[in-house]
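Just so we're aligned, residue 169 is where the sequence shown starts under our numbering, counting upward by one.
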Amino acid sequence: VMAKRDEVGPPTDVWALGVVLHEALAGAAPFRAGSFVELAARIVSGRREPLPADAPRPLAAVCDRAMAVA
169 VMAKRDEVGP PTDVWALGVV LHEALAGAAP FRAGSFVELA ARIVSGRREP
219 LPADAPRPLA AVCDRAMAVA
């Protein structure tokens with residue numbers, strides 16, 4: 169099933185940049201799961217792996233905002 173043109177765009181790009189930033193700060197993907205269904209549920213709910221405590225707070229805030237569910 170192809171996404172409609174209005175279903176993807178800048179918000180998707182911002183979210184993807186948040187994912188890449190998380191990976192850069194944590195050294196691992198923000199969403200890990202044992203199955204595709206579990207992975208999709210974690211992404212939709214926003215349940216991701218925490219960033220390390222020593223991650224720079226301004227970058228962590230950008231990451232949190234970029235991957236916010238709402």
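Built from N, CA and C at the ideal position, the CB exists for glycine as well.
Item to complete: Please name the residue, chosen from F204, A228, A196 and M235, that lies closest to R215 on a Cα-to-Cα basis.
Response: Numbered from 1 along the sequence shown, position 47 holds the residue referred to as residue 215. Residue nearest to R215 within the set F204, A228, A196 and M235 is M235 (criterion: CA-CA distance).
Fill in: Pair within 8 Å by beta-carbon distance, C231 and L193
Sequence index remark: in the sequence shown, residue 231 carries index 63 (1-based). Sequence index remark: in the sequence shown, residue 193 carries index 25 (1-based). Yes.
Practice prompt. Run the CB neighbour count on G202, radius 10 Å, all protein chains shown included, and call it buried at 16 or more, exposed below.
Written response: Mapped onto the sequence shown, residue 202 falls at position 34. Exposed: under 16 other Cβ atoms inside 10 Å.
Worksheet item: Relative to the alpha-carbon of G217, which residue among A197, D181, A223 and A228 has its alpha-carbon at the smallest distance?
Response: As a working mapping, residue 217 is identified with position 49 in the sequence shown. According to the sequence provided, residue 217 is Glu. The question's Gly does not apply to it. Comparing Cα positions, the closest option is A197.
Discussion item. Using the Cβ count rule (16 or more neighbours within 10 Å means buried), how would you classify G186?
Written reply: Within the sequence shown, the letter at position 18 stands for residue 186. Counting Cβ neighbours within 10 Å, G186 comes out buried, since at least 16 surround it.
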